[in-house]
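In what follows, a single structure is set out as structure tokens and then discussed.
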């Protein structure tokens with residue numbers, strides 16, 4: 001099994017207390033992702049939310065296309081797009097186009113969603129999320145197949161039409177999940193799972209077996225809630241307030257619902273004490289990720305937030321460079337099988 005790739009995760013957030021010119025933030029972020037490919041990163045992940053006062057990215061496919069057009073090896077993916085908010089036929093078309101633009105380097109990571117305001121604004125009913133989501137997945141797959149059979153689901157339907165053009169390389173559709181039901185859904189319906197915690201791997205793997213699949217069928221795209229730096233404690237002192245803002249906003253919107261996470265954190269230290277975030281230097285990161293990959297050969301990718309809300313791209317790039325210089329080569333060297341020579 002090849003060693004996992006390493007990637008960066010983007011949301012383009014711009015909170016008022018650290019406001020930057022938003023156009024510059026977008027352009028510098030795109031430039032950063034392109035540069036990251038040059039120094040060893042092989043994936044870029046784009047998140048989605050709507051109507052956020054901090055300008056959280058609402059068009060991840062556009063951002064992915066911008067990076068995809070300027071790269072040649074990096075995989076582009078959504079982590080995640082809320083499938084139930086979109087017309088699934090249109091989403092399938094856009095994913096096909098992205099696959100064509102990038103020569104098959106695009107993955108459509110989808111998730112259930114949670115923000116009540118988003119569902120209301122898009123004319124969806126939040127409590128219908130599971131059926132909306134499963135219908136959307138079925139329609140997207142039908143559209144990608146080139147079939148004109150159509151689909152009639154519980155909430156959504158697709159007429160008997162053939163979606164064109166069909167991608168030469170069908171995108172993968174991993175499913176983002178946190179709760180056990182979501183991890184089971186990812187095992188049953190997804191081309192892998194996008195995890196938010198390394199503690200979720202085994203639940204997903206058990207669900208694969210329960211659904212009659214081989215562990216070899218599994219694929220884990222592991223989001224890392226980690227600050228990785230030469231002096232992580234010093235880095236945390238510098239950026240901890242940005243991370244605190246990030247987590248509290250996710251709590252406010254409903255991301256951690258049912259997870260046991262408190263309703264609010266008052267200090268950055270509390271995030272560490274509760275285990276929401278971890279601090280690693282290169283040695284710790286190499287040891288942790290090597291062990292995880294050896295224990296879970298289904299891991300395909302580790303990815304990290306490139307920068308936190310309100311942090312400048314330049315600031316985040318220092319950690320990106322550190323990971324590229326001190327972590328990626330070491331992990332890959334430890335995991336790649338050696339070739340015997342005579």
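Residue numbers (the UniProt record's numbering): 1 to 342. Yeah, the Cβ is synthetic: ideal placement off N, Cα and C, and Gly gets one too.
Which residues bound the alpha helix (DSSP H) around residue i?
i: residue 328; result: 328-335
i: residue 12; result: From DSSP, residue 12 is part of no alpha helix (DSSP H); its letter is neither H nor E.
i: residue 39; result: No alpha helix (DSSP H) contains residue 39, which DSSP labels as neither H nor E.
i: residue 97; result: 88-101
i: residue 145; result: 129-145
i: residue 67; result: 60-68
i: residue 268; result: 268-274
If you follow the beta strand (DSSP E) that residue i is part of, which residue opens it and which one closes it?
i: residue 221; result: 220-224
i: residue 75; result: 75-78
i: residue 120; result: Per DSSP, residue 120 belongs to no beta strand (DSSP E); it is in the alpha helix (DSSP H), 116-121.
i: residue 348; result: Any question about residue 348 goes unanswered here, given that the chain covers just 1 to 342.
Mark residue i as exposed unless 16 or more other C-beta atoms lie within 10 angstroms of its C-beta, in which case mark it buried.
i: residue 312; result: exposed
i: residue 259; result: exposed
i: residue 247; result: buried
i: residue 176; result: buried
i: residue 264; result: exposed
i: residue 342; result: Residue placement at residue 342 is poorly supported in this model, since its pLDDT is 37, which falls under 50; the coordinates are not used for a value here.
i: residue 216; result: exposed
i: residue 211; result: exposed
i: residue 133; result: buried
i: residue 339; result: Confidence in residue 339 is poor, its pLDDT being 39 and thus under 50, which makes the residue's placement too unreliable to answer from.
i: residue 178; result: buried
i: residue 69; result: exposed
i: residue 274; result: exposed
i: residue 336; result: exposed
i: residue 161; result: exposed
Taking the alpha-carbon positions, what's the residue i to residue j distance?
i: residue 298; j: residue 219; result: 5 Å
i: residue 29; j: residue 288; result: 28 Å
i: residue 150; j: residue 137; result: 13 Å
i: residue 250; j: residue 256; result: 7 Å
i: residue 119; j: residue 31; result: 32 Å
i: residue 59; j: residue 95; result: 13 Å
i: residue 186; j: residue 204; result: 8 Å
i: residue 50; j: residue 110; result: 15 Å
i: residue 102; j: residue 65; result: 8 Å
i: residue 333; j: residue 135; result: 42 Å
i: residue 16; j: residue 309; result: 10 Å
i: residue 7; j: residue 329; result: 13 Å
i: residue 172; j: residue 41; result: 19 Å
i: residue 155; j: residue 182; result: 19 Å
i: residue 327; j: residue 153; result: 46 Å
i: residue 193; j: residue 72; result: 24 Å
i: residue 214; j: residue 234; result: 44 Å
i: residue 198; j: residue 222; result: 7 Å
i: residue 285; j: residue 228; result: 7 Å
i: residue 27; j: residue 261; result: 34 Å
i: residue 54; j: residue 13; result: 6 Å
i: residue 2; j: residue 296; result: 12 Å
Every unbroken alpha helix (DSSP H) inside the region 278-305 [4 residues or more]
DSSP runs (the alpha helix (DSSP H)) wholly in the region 278-305: 282-295.
In chain order, what are the residue ranges of uninterrupted beta strand (DSSP E) at least 3 long that sit wholly in the region 164-248?
Whole beta strand (DSSP E) segments, 3+ residues: 175-177, 193-195, 220-224 and 226-228.
Kindly confirm or deny that the region 142-158 and the region 89-107 touch, where touching means at least three C-beta pairs closer than 8 Å.
With a cut-off of 8 Å, the region 89-107 and the region 142-158 count as touching, because enough Cβ pairs lie within range.
Inspect the CB distances between the region 314-329 and the region 187-200 and report whether three or more fall short of 8 Å.
Contact fails: fewer than three Cβ-Cβ distances are below 8 Å.
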